[in-house]
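Below is one structure; the comments refer to it alone.
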Amino acid sequence: MASLFSRIAHLASSPQGRRVINQAKGFANDPKRRQQAKDALAKVQERAKGYRKR
């Protein structure tokens, strides 16, 4: 069985993988999407703080 890394490398080198990578780069450069990601990360971090206090 192929390792996870080799499977990811194979996907990244395929046309479909390159398309997904370019789409992800486009989302990363969009200010609206970037703010959504920051908000989601902050929400997860706040939940993690709540679990640590227990």
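Residue 323 is where the sequence shown ends in this note's numbering, and the numbering goes up by one at each step. Glycine is no exception: its CB is placed at the ideal position from the N, C-alpha and C atoms.
Alanine 271 carries a coil assignment under DSSP once its states are collapsed to helix, strand and coil. Separation of the CB atoms of alanine 297 and arginine 303 is rounded to 7 angstroms, and the pair is thereby assigned contact status at 8 angstroms. Taken through DSSP and simplified to helix, strand or coil, aspartate 308 comes out as helix. Secondary structure at serine 282: helix, using DSSP grouped into helix, strand and coil.
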